[in-house]
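Residue numbers (the UniProt record's numbering), protein chains in the order written: chain A, 1 to 382; chain B, 1 to 382. We put the CB at the ideal spot given by N, CA and C, even for glycine.
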């Protein structure tokens with residue numbers, strides 16, 4: 001965490017730029033409050049003459065589209081809005097076809113771009129549409145949720161859901177530019193903000209213990225907004241960008257980003273993706289707590305670190321136990337089946353992200369499925 | 001044409017391998033008679049443990065699938081067939097969804113592959129499905145038409161049609177391997193073979209005058225099959241591979257491959273893509289003749305070269321004039337409108353591939369739309 005140590009807590013930067021280093025697909029993430037009003041100028045400076053399809057959902061468009069549109073107009077950027085229904089259901093074949101056909105209808109060319117104004121669903125959908133329209137158009141991300149600003153806007157994963165499973169259809173398509181206006185997050189509910197925050201703290205837990213310490217000290221400021229929030233988002237993007245730069249197409253270390261996700265996906269599946277019961281970030285929070293507790297039972301992680309992680313997540317209003325999910329509890333069998341479907345099971349061995357302590361996560365490729373089942377059984381009985 | 005001069009006509013090679021050089025996406029095209037019976041062994045040697053979805057259409061599957069399947073079984077390669085209806089209509093959103101869902105249903109992973117057994121439609125569709133399933137799976141081409149062997153199997157263009165236009169949705173996705181069995185072309189009708197041959201002679205006309213000379217001398221042997229056919233296909237693949245290696249994503253010289261295609265596409269559109277009237281290769285043949293005649297009227301191309309090109313195409317049973325298309329003739333206005341839609345028109349200027357003679361094609365970015373309209377008017381009155 002050289003970045004952290006170079007910045008005394010009293011003098012955080014108000015405007016941050018994170019470079020995602022991917023050879024000829026490298027791009028910048030601009031991060032600060034009020035960026036939406038400068039979006040037109042920033043885009044015009046980098047992509048002169050570009051025309052845009054602005055993809056957004058009904059909820060986000062109602063909140064932010066007019067302001068973005070004014071900024072684009074002021075910079076002389078021609079653009080057409082493409083508004084889709086809000087919610088995960090839009091990340092479908094029908095949603096994709098709707099966006100692609102609208103982009104073609106607008107007569108945009110390969111040198112023009114699709115801009116995603118919204119959270120993860122809109123970003124994944126619009127990015128995939130950009131990837132496949134005219135065999136690849138430009139793509140700009142303007143993430144409006146904390147989760148999208150620190151996770152889905154870095155790394156180039158785009159896609160939709162298949163009736164057979166989530167995110168099974170898609171492409172790697174890097175954006176040309178990401179504009180993260182941290183003030184837009186003021187419109188999020190506390191629950192949505194906390195869920196996105198689970199991915200922020202994840203970067204500390206993976207390999208940046210200094211970042212975890214900083215978050216533990218500055219948690220309330222990050223939730224309140226302002227420069228601490230900008231700083232936390234910038235450091236999260238840097239952390240993810242470093243992993244993605246090392247492993248763009250997910251062959252190796254990028255798996256570390258799945259800390260908490262194997263358990264989390266199984267819990268989301270158990271909750272039938274009912275967001276009234278569990279949203280993605282909450283599943284990840286419980287999953288990270290489970291990964292630390294399992295690591296402790298295997299003698300890998302100190303109990304003191306487990307307690308600190310649990311306390312931090314709880315203080316943020318995040319769940320840490322399977323029983324925190326409202327409604328009936330899952331069976332061990334149901335969870336194990338979901339875990340096996342999420343991962344390739346080779347001779348009873350699973351791949352999990354485990355940890356030796358805060359900031360010391362590692363890829364374990366030979367986790368015994370029986371051990372996991374016993375652990376879950378104990379958890380559910382507690 | 002160093003390749004040509006190094007091979008005396010009396011000693012052509014029976015097995016050819018063409019390398020397509022694209023850094024970490026490089027691949028080989030194997031070309032010879034009877035290759036289908038060795039497909040399993042060739043794939044197993046290069047991709048140990050791979051499982052396959054074999055995409056084919058009803059017509060081609062009836063002719064060749066059993067033989068391919070036996071070869072795959074002999075090599076211990078697990079595979080599932082995915083059979084789609086024959087014809088351009090399959091290159092649609094519905095066709096894509098059908099193939100993608102079948103591949104997911106078969107539980108193939110990212111390291112497995114989609115094999116396309118068929119012509120251009122199947123190759124484009126299966127390749128696009130491979131590009132987007134699980135954000136990119138392996139892809140193997142087994143082209144069964146001459147057009148697919150010399151054109152669509154080289155270069156990585158995959159995709160489907162939009163209701164708004166052909167090939168507007170797709171991706172660049174390079175195959176891991178192309179297996180071109182030249183004996184499979186014996187099942188093509190003479191008209192289909194001739195249409196594919198239009199793309200063969202195109203490579204000579206672009207920048208390989210020696211290849212044109214060789215084709216002019218060996219045309220009948222190429223049509224008859226055997227080693228001359230293998231040689232013509234290998235040289236065509238080499239020619240296209242050289243252009244693609246220099247310009248993978250179509251920013252520059254790759255435009256030369258469009259020789260005859262701007263006129264050709266306009267004629268296909270005029271014929272409403274009715275293959276009873278005109279197939280793609282026939283449109284290209286007329287388009288190449290038009291490009292040479294227009295170049296001659298502009299004083300760029302010697303009349304003697306125009307006459308040689310026309311004579312060669314006619315001898316192959318290919319059309320060379322707009323009037324050769326059965327049914328009513330198009331108006332100049334209809335053709336000009338189709339040409340303008342195919343290309344971006346900047347201030348009345350069009351981009352065309354013109355020529356200074358056989359093997360001397362070049363990209364002309366400032367062709368006057370009025371000159372083209374006058375030329376077409378004269379052609380239609382002739």
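query = In whole angstroms, what separates the C-alpha of residue 131 of chain B from that of residue 170 of chain A?
reply = 8 Å
key: Contact set between residue 238 of chain B and chain A, taken where Cβ atoms lie within less than 9 Å   = Here the premise fails: no neighbours, minimum Cβ distance about 24 Å.
query = Can you name the residues of chain A whose CB is closer than 7 Å to the CB of residue 286 of chain B?
reply = Near residue 286 of chain B there are no residues of chain A at all, since even the closest Cβ is about 26 Å away, more than 7 Å.
key: Extent of the continuous beta strand (DSSP E) run through residue 253 of chain A   = Residue 253 of chain A -> no beta strand (DSSP E), and no H or E assigned at all.
Cβ-based burial, residue 48 of chain A [other Cβ within 10 Å; buried from 16] = exposed
request  = Measure the CB-CB distance between residue 104 of chain A and residue 300 of chain B and report whether it falls below 8 Å.
outcome  = no
request  = In angstroms with no decimal places, state the Cα-to-Cα distance between residue 274 of chain A and residue 124 of chain A.
outcome  = 20 Å
ask   = Going along chain A in order, which residues have a C-beta closer than 9 Å to the C-beta of residue 91 of chain B?
value = Within 9 Å Cβ-Cβ: nothing; residue 91 of chain B doesn't reach chain A, min ~14 Å.
request  = Alpha carbon to alpha carbon, how far is residue 112 of chain B from residue 160 of chain A? Give it in angstroms, no decimals.
outcome  = 20 Å
ask   = Ends of the alpha helix (DSSP H) at residue 288 of chain A?
value = 280-297
key: 4 or more residues per run - each alpha helix (DSSP H) lying fully within the region 90-156 of chain B   = 93-105 and 120-132
query = At a Cβ cut of 8 Å, what residues of the region 252-263 of chain B count as close to chain A, listed as they run along the chain?
reply = none
ask   = In chain B, which residues lie with their C-beta within 9 Å of the C-beta of residue 363 of chain A?
value = The premise fails here: residue 363 of chain A is roughly 17 Å from chain B at the closest Cβ pair, so nothing lies under 9 Å.
task = Starting from the beta carbon of residue 157 of chain B, find every residue of chain A whose beta carbon is closer than 8 Å, and list them in chain order.
result = 135
task = Quick one: which unbroken beta strand (DSSP E) runs of 3-plus residues sit fully inside the region 13-98 of chain B? Chain order, please.
result = 16-20, 27-32, 52-57 and 79-84
inquiry  = Between which residues of its own chain and residue 327 of chain A is the CB-CB distance below 8 Å, once the five residues before and five after are set aside?
reply    = 271 and 277
request  = Report the option in A:320, A:206 and A:215 whose CA atom is closest to the CA atom of residue 353 of chain A.
outcome  = A:206
inquiry  = Taking its Cβ as the centre, do 16 or more other Cβ atoms sit within 10 Å of residue 319 of chain A, making it buried, or is it exposed?
reply    = buried
inquiry  = For a cutoff of 8 Å on Cβ pairs, would you count residue 7 of chain B as touching chain A?
reply    = Bear in mind that the predicted position of residue 7 of chain B carries a pLDDT of just 46, short of 50, making it unreliable; the figure below should be weighed with that in mind. Answer no: the Cβ-Cβ gap between residue 7 of chain B and chain A never drops below 8 Å.
query = Any C-beta of chain A sitting closer than 8 Å to the C-beta of residue 123 of chain B?
reply = no
request  = In the DSSP assignment, find the alpha helix (DSSP H) that holds residue 308 of chain A and state where it starts and stops.
outcome  = 303-315
message = For the alpha helix (DSSP H) containing residue 354 of chain A, name the first residue and the last one.
response = No alpha helix (DSSP H) contains residue 354 of chain A, which is instead part of the beta strand (DSSP E) from 349-355.
task = Mind listing the chain A neighbours of residue 120 of chain B? Cutoff is C-beta to C-beta under 9 Å, in chain order.
result = What residue 120 of chain B touches in chain A: nothing, since even the nearest Cβ is about 15 Å away.
message = Taking only three categories from DSSP, how would you classify residue 359 of chain A?
response = coil
inquiry  = Once DSSP output is grouped into helix, strand and coil, what is the label at residue 340 of chain B?
reply    = helix
query = Going along the chain, which residues of its own chain have a beta-carbon closer than 7 Å to the beta-carbon of residue 232 of chain A, five neighbours each way excluded?
reply = 200, 215 and 222
task = Could you have a look at residue 234 of chain A and say whether DSSP puts it in helix, strand or coil?
result = helix
request  = Quick one: residues in its chain with C-beta nearer than 6 Å to the C-beta of residue 100 of chain B, no 5 flanking neighbours on either side, listed in chain order?
outcome  = 129 and 133
message = Is there a Cβ of chain A sitting closer than 8 Å to that of residue 164 of chain B, yes or no?
response = yes
task = Just tell me which of A:218, A:143 and A:204 has its CA closest to the CA of residue 184 of chain A.
result = A:143
Spatially closest choice to residue 63 of chain A from A:265, A:136, A:90 and A:86, by CA coordinates = A:86
key: Inter-stretch contact at 8 Å, needing at least 3 Cβ pairs: the region 245-261 of chain B / the region 36-45 of chain B   = no
query = Relative to the C-alpha of residue 367 of chain A, which residue among A:109, A:349, A:166 and A:257 is closest?
reply = A:349
ask   = Given that residue 169 of chain A touches chain B, what residues does it touch there, using C-beta distances under 7 Å?
value = 100, 132 and 133
task = Drop a sphere of 10 angstroms on the beta-carbon of residue 240 of chain A, count the other beta-carbons inside from all chains shown, and report buried for 16 or more, exposed for fewer.
result = buried
query = According to DSSP, what are the bridge partners of residue 179 of chain B?
reply = B:30
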